[in-house]
Each structure stands twice: as C-alpha cells, then as structure tokens.
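Engineer: Mind looking over this structure? Questions follow.
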Amino acid sequence: MAATRRSDLPDWMGEGNGAEDIGSLTLSQPGQASRDSEYLNDFPSEPRSRLRWKRCCIFSFVMLSLIGLAIGLTVGITKKNPQQLFSGAMFFTRGGGAKVKVMEITSPAFDDGGACPIKYTADGDDASPPLMWSTPPEGTESLVVIVDDPIARNGKGFTHWLVMNIPVDENELSEGILPSEYLTNDMKEDSTFSQGMNDANIAGYTGPDPPEGGGEHTYYFRIYALGDEIDIDINQASPTRQTLKNAMNEVKHLGHGEVTCTYGRD
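Per my numbering, the sequence shown runs over residues 5 to 270.
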C-alpha cells in the first residue's frame, strides 16, 4: 500500500489550517476552536457559580429569619395580651391612615395601675366604678367604653362591660350604673347610651372575679372616640363584643385612651 503524503491530504488537513501531524489524530476543522470557546463560555466558571449559590443561601436565611421573628413576636403578644391586637388597631383611622388622638381616661376610685377597690369587684357590691375622660377629638360623634381582662380564662379574655353610643358632650360615667335588665322603661328612655352583653351574659357591668391563687389580673378600661354612632339595633338584642367590634370597624376611629387597675385573690 502506498504511503500517504502530506500533499495528498485535503486542504482542511493541510498546514496553516491548525492541523497537526496525521499520526497524532488531533485534527481540527476550520473555526472549530472558536466554536468550542463560545460553547464553553455559555457555562459560568465554578468560582462564580459558587458565589451566586452562597448569596442565594444568605438571602434565603435572612428572609426566613425575619419571617420567623415576625411570627414569634405576634404569637408572644397574643399569648400575653390577646386583646392587644384588637385595641392596637384602634390607633389608626379608616380612610387617611393618620394616627388617632390619645385621650386621657381616669377614675376617682383608683390610680392608673393601682388596686381596684373591693366595692367594684365580685367580692363587694359589684358596682361599676366612676370614669372620666378628656375632651374627644374634633369630629367625634359618639364614644364607646370597653372593660376587659385579657388574660382571664387561660388567655381567652373576659369582657366585663360594653357601653356604646355615649354622647360626645358627656365626659363621665357615674358610679353604679345598673345593667339594662334592671332599668325601668322611664330609665331606659332617659338613658343617653346603651350597654352590650358581657361575658357573664349580663347587659351591663360585671366586676373583677379572678380565680383564687391565680395572682393579680389587670383590668383595662378603654375609651374610643368614633366618627359616627354605632349602628346596632339594641331593641332586638343586646350586642356582644364581637357584634360591637364589627360595627366599630365600619366607622372612623378618632381617639383612644385607657386606664387600668389590678385585682387578685391569694
């Protein structure tokens, strides 16, 4: 068999076209090297790929940490004070998002954060304490007073008093307001406000009644200034707190204030 000469090879195997000796079997076609280079450039280098992966992991870790922190804070607040989420919503108005005015509410019967006199508890006369408050913000059409114990019943809370549609020109609730069921028709007609059904199924006030050995409980007396009257038919049934809450969510909140007292049984 005749030996193959370099001159007998095709042009693409000749010198000047990137071909090596036929014996090395490292032949290449024109443009092959550039195409290979372009193909390899389509893939990121290993160090850059690892850097992107690390950045992605760090970003995911930070976001998950922030989400976990937000959930933890929400759960912690709810366990400590389950009514705080509801009351906190009252610090913002509907329509405009501006902060509401902080009102001052006090009682001549006790200091803010002080002990609740026995007279106003289930161990005494179970009478409602006197309350007074500052001038409500401009635009207020009615006032609401809510009294509750957020940690009662293993954190479920207990509503002690609901008073709604208090005229804006009034700045106090007198001591010993009777529940609605004890009011005569004339007294009801003279009344300038209405009372809702508390968690003792009484349309009026029920005083502190904590369990023995459960330590001191804190009782919140809150007032809300609203831009309209509460639209509830009190002649049909005394509204519950949930009914009142739903009605309050339909009107503008202009002001809020609270005062507390404590009571416990050793």
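Using N, Cα and C, we set each Cβ at its ideal position, and we do this for glycine too.
Three-state secondary structure (DSSP) at residue 147?
Structural biologist: Locating residue 147 in the sequence shown gives position 143, counting from the first residue. Strand, per DSSP.
Engineer: From residue 230 to residue 208, what does the alpha carbon distance come to, in whole angstroms?
Structural biologist: Within the sequence shown, numbered from 1, the residue matching residue 230 stands at position 226. Within the sequence shown, numbered from 1, the residue matching residue 208 stands at position 204. Taking the straight line joining both Cα atoms gives about 21 Å.
Engineer: Ordered along the chain, which non-local residues of its own chain (more than five positions away) have a Cβ less than 7 Å from that of residue 29?
Structural biologist: Stepping through the sequence shown from its first residue, residue 29 is reached at position 25. In this prediction, residue 29 has a pLDDT of 42, which is less than 50 and means its spatial position is unreliable; what the coordinates show is noted afterwards. Excluding positions up to five away in sequence, the list is empty.
Engineer: Roughly how many angstroms lie between the CA atoms of residue 169 and residue 260, to the nearest whole one?
Structural biologist: Along the sequence shown, one-based indexing puts residue 169 at 165. Along the sequence shown, one-based indexing puts residue 260 at 256. If I take the Cα positions, the gap works out to 15 Å.
Engineer: Can you tell me which of the three DSSP states residue 32 falls into?
Structural biologist: What you label residue 32 is simply residue 28 of the sequence shown in a count that begins at 1. With a pLDDT of 46 at residue 32, under the threshold of 50, the modelled position of this residue cannot be trusted; read the value that follows with caution. Looking at residue 32 - three-state DSSP - the assignment turns out to be coil, as it is neither helix nor strand.
Engineer: Can you name the start and end residues of the beta strand (DSSP E) that residue 259 belongs to?
Structural biologist: Residue mapping note: residue 259 aligns to position 255 of the sequence shown, counting from 1. Element bounds for residue 259: 257-267.
Engineer: Mind checking who residue 299 pairs with in its DSSP beta bridge?
Structural biologist: With the chain covering 5 to 270 only, the question about residue 299 has no answer from this structure.
Engineer: Which residue or residues does DSSP assign as beta-bridge partners of residue 167?
Structural biologist: Locating residue 167 in the sequence shown gives position 163, counting from the first residue. DSSP output for residue 167 lists 149 and 199 as bridge partner(s).
Engineer: Quick test of your reading: residue 212 and residue 120, contact by CB under 8 Å. State the CB separation rounded to the nearest angstrom.
Structural biologist: Taking the sequence shown and counting its residues from 1, one reaches residue 212 at position 208. Taking the sequence shown and counting its residues from 1, one reaches residue 120 at position 116. Residue 212 to residue 120, Cβ: 6 Å. Contact.
Engineer: For residue 179 and residue 210, what's the separation of their Cα atoms in angstroms?
Structural biologist: If you number the sequence shown from 1, residue 179 lands on position 175. If you number the sequence shown from 1, residue 210 lands on position 206. Rounded to whole angstroms, residue 179 to residue 210 spans 13 Å at the Cα level.
Engineer: Under the DSSP definition of a beta bridge, which residues are partnered with residue 242?
Structural biologist: The residue you call residue 242 lines up with position 238 of the sequence shown. DSSP output for residue 242 lists no bridge partner at all.
Engineer: Excluding sequence positions up to five away, which residues of its chain have a Cβ less than 6 Å from the Cβ of residue 236?
Structural biologist: Against the sequence shown, residue 236 aligns to sequence position 232. Taking residue 236 as the centre and dropping the five residues before and after it, the same chain places the C-beta of 243 and 251 closer than 6 Å to its C-beta, in chain order.
Engineer: Taking Cβ to Cβ, would you say residue 108 is nearer than 7 Å to residue 138?
Structural biologist: The sequence position of residue 108 within the sequence shown is 104, counting from 1. The sequence position of residue 138 within the sequence shown is 134, counting from 1. Closer than 7 Å, so yes.
Engineer: Below 8 Å on the Cβ atoms is my guess for residue 111 versus residue 263; work out the distance and round it to an integer in Å.
Structural biologist: Translated into the one-based positions of the sequence shown, residue 111 becomes position 107. Translated into the one-based positions of the sequence shown, residue 263 becomes position 259. Confirmed, Cβ separation roughly 6 Å.
Engineer: By DSSP, does residue 46 sit in helix, in strand, or in coil?
Structural biologist: In the sequence shown, the residue the question calls residue 46 occupies position 42. Bear in mind that a pLDDT of 48 at residue 46, under 50, signals an unreliable position, so the number given afterwards is only what the model happens to contain. Coil, per DSSP.
Engineer: Excluding the five sequence neighbours on either side, which residues of its own chain have a C-beta within less than 7 Å of the C-beta of residue 265, listed in chain order?
Structural biologist: In the sequence shown, residue 265 corresponds to position 261, counting from 1. Closer than 7 Å at Cβ, skipping near neighbours: 114, 118, 119, 120 and 223.
Engineer: Closest to residue 206 by CA distance: which of 65, 216, 184 and 149 is it?
Structural biologist: Taking the first residue of the sequence shown as 1, we reach residue 206 at position 202. The option with the nearest alpha carbon to residue 206 is 184.
Engineer: Please report the straight-line C-alpha distance between residue 199 and residue 248, rounded to a whole angstrom.
Structural biologist: Residue 199 sits at position 195 when you count from the first residue of the sequence shown. Residue 248 sits at position 244 when you count from the first residue of the sequence shown. Going by the C-alpha atoms only, they are around 10 Å apart.
Engineer: Have a look at residue 156 and residue 166 and give me their C-alpha separation to the nearest angstrom.
Structural biologist: The count along the sequence shown starts at 1 and reaches residue 156 at position 152. The count along the sequence shown starts at 1 and reaches residue 166 at position 162. Roughly 17 Å between the two C-alpha positions.
Engineer: Where do the N-terminal and C-terminal ends of the alpha helix (DSSP H) with residue 156 fall, by residue?
Structural biologist: As a working note, residue 156 is residue 152 in the sequence shown. Per DSSP, residue 156 belongs to the alpha helix (DSSP H) from 156-159.
Engineer: On a CA-only basis, which of 227, 267, 73 and 245 is nearest residue 257? Give me that one, please.
Structural biologist: Position 253 of the sequence shown, counted from the first residue, corresponds to residue 257. Looking at the Cα atoms, 227 is the closest of the given residues.
Engineer: Use the C-beta contact count for residue 116: other C-beta atoms within 10 angstroms, 16 or more gives buried, fewer gives exposed.
Structural biologist: Along the sequence shown, one-based indexing puts residue 116 at 112. Exposed, since its Cβ has fewer than 16 Cβ neighbours within 10 Å.
Engineer: Is it buried or exposed for residue 71, if we count other Cβ within 10 angstroms and need 16 for buried?
Structural biologist: Here residue 71 corresponds to residue number 67 of the sequence shown, with the count starting at 1. So residue 71 counts as exposed.
Engineer: For the candidate residues 129, 140 and 134, whose alpha-carbon lies nearest to that of residue 106?
Structural biologist: One-based indexing of the sequence shown puts residue 106 at position 102. If we check each option's Cα against that of residue 106, 140 comes out closest.
Engineer: For a test of the three-state rule: what should DSSP assign to residue 109, helix, strand or coil?
Structural biologist: In the sequence shown, the residue the question calls residue 109 occupies position 105. Residue 109 falls in the strand class under three-state DSSP.
Engineer: Mark residue 215 as exposed unless 16 or more other C-beta atoms lie within 10 angstroms of its C-beta, in which case mark it buried.
Structural biologist: As a first step, residue 215 is located in the sequence shown; it is residue number 211 there, counting from the start. Exposure of residue 215 is indicated by the presence of fewer than 16 other C-beta atoms within 10 angstroms of its C-beta.
Engineer: What are the boundary residues of the beta strand (DSSP E) that residue 135 is part of?
Structural biologist: The residue labelled residue 135 in the question sits at position 131 within the sequence shown. From DSSP, the beta strand (DSSP E) with residue 135 extends over 135-137.
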